[in-house]
Every structure is written in structure tokens, then in C-alpha cells.
Amino acid sequence: MNVARTALITGASAGLGKVFADQLAATGTNLVLVARRLEKLECAATELRERHRVTVNCIQADLADPEAPQRIYDATRNLGLTIDYLINNAGSGGPDLLNTRDFSEQRAFLELMMISVAQMCHLFVPGMKERAWGRVVNVSSVSARIPRAGGCNYGPSKAYLVALSEELSLTLRSHGIKVCALCPGFTHTDFHNEGDLKAMKESSASIIWYDAETVVREGLTALEQGKSVYVSGRLYRWLDPLFQSVWTRGLFKISAAH
Ligand SMILES: NC(=O)c1ccc[n+]([C@@H]2O[C@H](COP(=O)([O-])OP(=O)(O)OC[C@H]3O[C@@H](n4cnc5c(N)ncnc54)[C@H](OP(=O)(O)O)[C@@H]3O)[C@@H](O)[C@H]2O)c1
């Protein structure tokens, strides 16, 4: 008899995280949902239990708090859970590195986007190694693939996740563990629902936007195929080699600076 796997998903109260939860639950995977808004997690958990007949636990945590990963790990131990899938998905837009004078905001952003992900891997991967089976998705972004003039915050933090995932993948593949940095382009979620991001969304062409279901489905398939970096969406997959090429990369840098 196959024992059901368990997936821990950060940022599961909205957007891509909620869709990861739905698609993994549809395969019979039990869930641990993590985010700050507990009521949203509990609402999602009720729906998922009813729709997919899986076990769902919720953990409230702010991943910008340096103590959060250890608390999440301890909570899963206290619940007697082993984590087979780790989906590091929580994230947000960041404060401008140069134009925000209070660095503590920047530090909290980097904690959420990079350090918490590294610590979640540090805590949960050894158990996967012992059991010789594990899956890790680090949700990065197309922004990781090309530098652009601007806030010097979001893209660099996502580039770290690509580098981390590639090294983890090389290190862990002989231990039955697959690791993938999923790089979505613009995706319909709550991410662009406010301020400048909302204005940008409203003025941009619909062709550059993908739905969250497609991004997650492609990401989970790429993970199983053993891809350590996966750019989701046909348009972005076509652009990515141009971003990475020594011949064409310069063109994008020049155009982004103006
Ligand atoms: N949408 C896009 O176009 C796009 C493109 C490329 C990459 N991404 C990446 O995809 C991931 C998911 O974003 P999304 O598009 O699904 O955005 P979203 O709809 O805004 O969801 C973000 C999720 O992250 C959680 N979160 C944010 N800050 C957190 C914190 N400090 N601690 C714990 N959880 C936190 C939020 O939950 P709470 O508010 O309840 O804490 C929410 O569940 C992010 O890493 C984002 O950078 C998105």
C-alpha cells in the first residue's frame, strides 16, 4: 500500500501557493499550509479537505521573522509529520534598496525571500535524505534571469533562489531528492493587486500574463522531470535563452535601463 506523502507549502493563503495546495491535494498528498493570515489558510484547508479528502494542517508564521522557520519545523515535529514536498513559495515585492532609508525593512524582505528559504531547506532536507525521497520547489521568477535598472531588490533575491536550487539539485539528486527553481513570468494572483504593480498590470498586454494553474502544473511536471531550473510559460521560455545568451543579453540590459 502506498503511504500518502505530505507537502508543506509557504504562502498558501493566496495565489500560486493556494494552487500548489490544490494540485498536490488532487494527487492525494496531505498538506501543511503556512502564511500570516490564519483565517485564509483555514478557509482554504476546509475546502481542500472537502474536495480532496486529504489531511490539512495550518501554521501561522511570518517568514520575515528569523525565528519562523525553526518554529514551523518544531510545529511539524509536534504534529508527528514528515515532510516529503517542501514548496518555498511565500514572497512579496520589496522595498527599494537605495531609496528606502530604513534598512530594517530591507533586512526583513531579504529574510523572507532568501534566508527563510535557505533555513527551510536546512531544516527539512536532512529528513528527506534519511528517507531517500524528497521534492523541493523554490519559487523564483523570470526577474532572476535578467538584471534591470530599478529597486535592486526583487530580482537579486530571486537570482539567489536559482543558484541555491541548482546547487541543491546537484548535491541531492543521488539521494532521491529533486529540487527545482520555478521561474514564473507575470501571473494572475494577488501579487499585482495594489499601487504601482496594479497600474502596471492594467496597462500591460494580456499576452504576457499566465494563469496560476498553468504555472503550477508546469512547475510540478518540471520537478518530476528532474529540471533544476524551469521557466514557466511559452513566451518566457522563448525569451529566456535570449536573456542568458552572451550575444543578446546586452540588448535587454540597455533597453531596461531607459
Ligand atoms: N504573480 C507573479 O506575477 C509572480 C511572478 C514571479 C514570481 N512570483 C512569486 O510567486 C510567489 C507567490 O506569489 P503570488 O504571485 O502567489 O502572490 P500572492 O497572491 O500575493 O501570494 C503571496 C503569498 O505569500 C504569503 N506571504 C507574503 N509575505 C509573507 C510573510 N512575510 N510570511 C509568510 N507568508 C507570506 C502571502 O500570505 P499572507 O499574506 O497570508 O502571509 C500569500 O499567501 C512569490 O514568491 C512571488 O515572488 C510571482
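Reminder that position 115 of the sequence shown reads as 118 in our numbering, one-by-one numbering, no gaps. Built from N, CA and C at the ideal position, the CB exists for glycine as well. Here the structure is a predicted model, which is why all the values come from computation and not from measurement.
Inset, instruction - Put I86 into one of helix, strand or coil per three-state DSSP. - result: The sequence position of residue 86 within the sequence shown is 83, counting from 1. Note: I86 maps to coil in three-state DSSP.
Inset, instruction - Evaluate the contact criterion for the region 129-143 versus the region 89-108: three or more CB pairs, one atom per stretch, below 8 Å. - result: yes
Inset, instruction - Verify whether the separation of the beta carbon atoms of N81 and T58 is less than 8 Å. - result: For this step, residue 81 is matched to residue 78 along the sequence shown. For this step, residue 58 is matched to residue 55 along the sequence shown. Not in contact: N81 and T58 (Cβ atoms no closer than 8 Å).
Inset, instruction - For I62, collect the residues of the same chain with a Cβ closer than 6 Å to its Cβ; drop the 5 residues on either side in sequence, then sort them by chain order. - result: On the sequence shown, position 59 is the one that residue 62 refers to. Only V37, I75, A78 meet the Cβ criterion.
Inset, instruction - For N156, count neighbouring C-beta atoms within 10 Å of its own C-beta (all shown protein chains included) and say buried if the count is 16 or more, exposed if not. - result: Translated into the one-based positions of the sequence shown, residue 156 becomes position 153. Buried, by the Cβ-count rule.
Legend entry - Exposure label - L200; buried when at least 16 CB within 10 Å: By 1-based counting over the sequence shown, the position of residue 200 is 197. So L200 ends up on the exposed side.
Inset, instruction - Please confirm whether any heavy atom of ligand 3 lies closer than 7 Å to the CB of A64. - result: As presented, the structure is devoid of ligand 3, carrying ligand 1 as its sole ligands.
Inset, instruction - Pull up the DSSP beta-bridge partners for D243, would you. - result: Translated into the one-based positions of the sequence shown, residue 243 becomes position 240. The partner list for D243 (beta bridge, DSSP) is empty, contrary to what the question assumes.
Inset, instruction - Can you grab the Cα-Cα spacing for the pair A10 / M131, in whole Å? - result: As a working note, residue 10 is residue 7 in the sequence shown. As a working note, residue 131 is residue 128 in the sequence shown. C-alpha separation (whole angstroms): 12 Å.
Inset, instruction - Please name the residue or residues paired with T214 in a DSSP beta bridge. - result: Your numbering for residue 214 matches position 211 in the sequence shown. Sequence inspection shows Asp at residue 214; the Thr mentioned does not correspond to that position. According to DSSP, D214 bridges with H191.
Inset, instruction - Return yes when at least one heavy atom of ligand 1 lies under 7 Å from the C-beta of R220, else no. - result: Along the sequence shown, one-based indexing puts residue 220 at 217. R220: no, Cβ never under 7 Å from ligand 1.
Inset, instruction - Keeping to the same chain, check which residues put their C-beta closer than 7 Å to that of H261; ignore five residues upstream and five downstream. - result: Here residue 261 refers to the residue found at position 258 when the sequence shown is read from its first residue. Its pLDDT being 45, under 50, H261 is placed unreliably in this model, and the coordinates cannot settle the point.
Inset, instruction - Taking 8 Å as the threshold, find out whether the region 181-194 comes into contact with the region 222-232 through three or more Cβ pairs. - result: yes
Legend entry - From L41, M117, G83, residue whose alpha carbon lies closest to that of A162: For this step, residue 162 is matched to residue 159 along the sequence shown. When each option's Cα is compared against that of A162, the closest is M117.
Legend entry - Nearest residue (CA-CA) to R138, options L89, A208, Y239: Taking the sequence shown and counting its residues from 1, the one referred to as residue 138 is at position 135. Among L89, A208, Y239, the Cα nearest to that of R138 belongs to L89.
Legend entry - Status (buried if at least 16 other CB within 10 Å, exposed otherwise) for S206: Along the sequence shown, read from residue 1 onward, the residue named residue 206 stands at position 203. By the 10 Å Cβ count, S206 comes out exposed.
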